[in-house]
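A.B. asks: Numbering-wise, our numbering puts 553 at position 85 of the sequence shown, and it's gapless, one number per residue. Beta carbons: idealized from backbone N, C-alpha and C, even for Gly.
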Amino acid sequence: MAALDGVEIKMARSMEHITSLREETTQFIEGQGAQYRRVRDEEPPKGWGFYVAWEPVPGRFGAIIGDALTNMRAALDHLASQLFFATKQAPTDAWINFPIASDPAKPLKSLQRVPAAAAPIIASVQPYQNLTRGQPAEIHPLHVLKLLVN
């Protein structure tokens with residue numbers, strides 16, 4: 469259990485960042501008196517466009533978001549390294565990270581380094597699984613996380 473404490477710590481820290489961002493954005497929005505407008509759009513498909521304007525967003529928000537995303541990715545990588553250690557394989561200087569694949573044609577070589585029971589679970593949460601549901605892999609949360617952190 470102690471080996472997974474790092475995952476829990478990183479996810480808890482990420483949640484702290486998200487809570488902080490939620491609180492600070494609420495204060496920012498309430499303190500700014502945002503301006504809203506609605507515009508009729510006659511182009512297909514017809515509908516409405518909604519616009520919100522306020523003062524420039526503080527740069528601190530980007531740092532908080534970056535910290536939260538980095539901690540989420542670190543939690544996944546920590547989990548992958550613990551799975552690698554669980555296989556009792558020889559030490560390696562290769563970078564152990566949680567695989568994230570959006571293309572089903574590219575095999576996940578790193579799945580060979582995790583316990584056999586974990587491999588299908590990791591494969592089942594990959595972004596390319598969206599394709600079986602008729603959705604693009606690029607909107608999967610892990611694909612987005614990989615893009616934003618890398």
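Beta carbon of Ala-605: closer than 6 angstroms to some heavy atom of the ligand SAH?
C.D. replies: Of ligands this structure carries none, so the ligand SAH is not represented either.
A.B. asks: What residues in its chain sit with their C-beta under 6 angstroms from that of His-611, if we drop five residues either side in the sequence?
C.D. replies: So the qualifying residues of the chain are Ser-570, Pro-595, Ala-605.
A.B. asks: Would you grab the beta carbon distance between Gln-550 and Trp-522 for me? Rounded to a whole angstrom, and I think it's under 8 angstroms.
C.D. replies: Wrong, their Cβ atoms sit about 43 angstroms apart, outside the cutoff.
A.B. asks: Given a threshold of 16 other Cβ atoms within 10 Å of its Cβ, counted over all protein chains shown, does Gly-602 qualify as buried or as exposed?
C.D. replies: That one is exposed.
A.B. asks: Counting Cβ pairs, one atom from each stretch, are 3 or more of them under 8 angstroms apart for the segment 529 to 539 and the segment 483 to 503?
C.D. replies: Contact between the segment 529 to 539 and the segment 483 to 503 is present, because at least three Cβ pairs lie under 8 angstroms.
A.B. asks: Residue ranges of each alpha helix (DSSP H) run of no fewer than 4 residues wholly in the segment 536 to 612, ordered along the chain?
C.D. replies: Whole alpha helix (DSSP H) segments, 4+ residues: 587 to 592.
A.B. asks: Quick one: Cα of Met-540 to Cα of Glu-484, how far?
C.D. replies: Roughly 11 angstroms between the two C-alpha positions.
A.B. asks: Going straight from the alpha carbon of Leu-616 to that of Gln-495, what length do you get?
C.D. replies: Cα to Cα, Leu-616 sits roughly 25 angstroms from Gln-495.
A.B. asks: Ordered along the chain, which non-local residues of its own chain (more than five positions away) have a Cβ less than 6 angstroms from that of Tyr-519?
C.D. replies: Arg-505, listed in sequence order.
A.B. asks: Judging by CA-CA distance, which residue of Thr-493, Glu-510, Ala-542, Phe-553 is the nearest neighbour of Asn-618?
C.D. replies: The shortest Cα separation from Asn-618 among Thr-493, Glu-510, Ala-542, Phe-553 belongs to Ala-542.
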